[in-house]
Amino acid sequence: MATIEHRNGVIPFWREKTLEEMNPDEWESLCDGCARCCLLQLVDEETGTLAVTGVACALLDPQSCTCSDYERREFKVIGCLRLTPELVRTLDWLPVTCAYRLLAEGHDLPVWHPLVSGDPQSVHRAGISVQGKTVSENDIDPDDLVDWIISSDVEEKTIK
Ligand code: SF4
Ligand code: SF4
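Each residue of the sequence shown is one higher than the last, beginning at 313 in the numbering used here.
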């Protein structure tokens, strides 16, 4: 697969700039559209273990895998955050595949990232996104959330 670096012959911004140096458009484009951060999570009060569920935030459109009110998300949903470089470095629940987390930890973007592939669908084809894999929190009994756990701790997936 030809990378964006090879196509343009220039160093891509995410290798050249720190998170703090990126402009708003660059920052926004880092999001790969996986929506894995839109899955509800449970924390074991005794062990502190984090469990990810297959239940998605009510605002997630499961087919397009996008937020249905992205601009007002932090006002509509308690706990939905507008990421900043500082937050990215402190949140321990971001998926290991999350582009912000990868760059904050000194990794490069993976080949399936839309910025690298040049194709917004590549994150879905690679099976990284939750497209078509979730149930909405509107459609389950909150007391049954534990039945929807799909992994313990932040899921370790192949990221290259
Ligand atoms: S996990 Fe990271 S890359 Fe994926 S949708 Fe959330 S912010 Fe974007
Ligand atoms: S409000 Fe939107 S961005 Fe935030 S968790 Fe829900 S679907 Fe995801």
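For glycine and all other residues, C-beta sits at the position ideal for the given N, C-alpha and C.
Legend entry - Coil, strand or helix - V389 by DSSP: coil
Inset, instruction - Give the straight-line distance between the Cα atoms of I471 and V442, rounded to the nearest whole angstrom. - result: In this prediction, I471 has a pLDDT of 33, which is less than 50 and means its spatial position is unreliable; what the coordinates show is noted afterwards. Rounded to whole angstroms, I471 to V442 spans 15 angstroms at the Cα level.
Legend entry - Integer-rounded CB distance, given that E449 should sit under 8 angstroms from V355: No, V355 and E449 are not in contact; Cβ-Cβ is about 17 angstroms, not under 8 angstroms.
Legend entry - V367 beta carbon near ligand 2 (any heavy atom closer than 7 angstroms): no
Inset, instruction - Check whether the Cβ atoms of L351 and T409 lie closer than 8 angstroms to each other. - result: no
Legend entry - Where R437 falls, given that 16 or more other Cβ within 10 Å makes a residue buried: exposed
Legend entry - Identified DSSP bridge partners for A368: L351, S448
Legend entry - Check: Y412 C-beta below 7 angstroms from any heavy atom of ligand 2: no
Inset, instruction - Compute the minimum distance between the beta carbon of E389 and the heavy atoms of ligand 2, and state whether it is under 7 angstroms. - result: Here residue 389 is Val; the residue named in the question, Glu, does not match the sequence. At least one heavy atom of ligand 2 is nearer than 7 angstroms to the Cβ of V389, so yes.
Legend entry - Environment of Y479 [buried if 16+ CB atoms lie within 10 Å]: Past the edges of the chain, shown from 313 to 472, lies residue 479, and the structure says nothing about it.
Inset, instruction - Please classify H419: is it buried, with 16 or more other beta-carbons within 10 angstroms of its beta-carbon, or exposed? - result: exposed
Inset, instruction - Count the other C-beta atoms from every protein chain shown that fall within 10 angstroms of the C-beta of S434, then say buried if there are 16 or more, exposed otherwise. - result: buried
Inset, instruction - Decide if the stretch 388–398 is in contact with the stretch 358–373; the criterion is three or more beta carbon pairs, one per stretch, under 8 angstroms apart. - result: yes
Legend entry - D453, DSSP secondary structure in three states: coil
Inset, instruction - Answer yes or no: the CB of R348 versus the heavy atoms of ligand 1, is any distance below 7 angstroms? - result: yes
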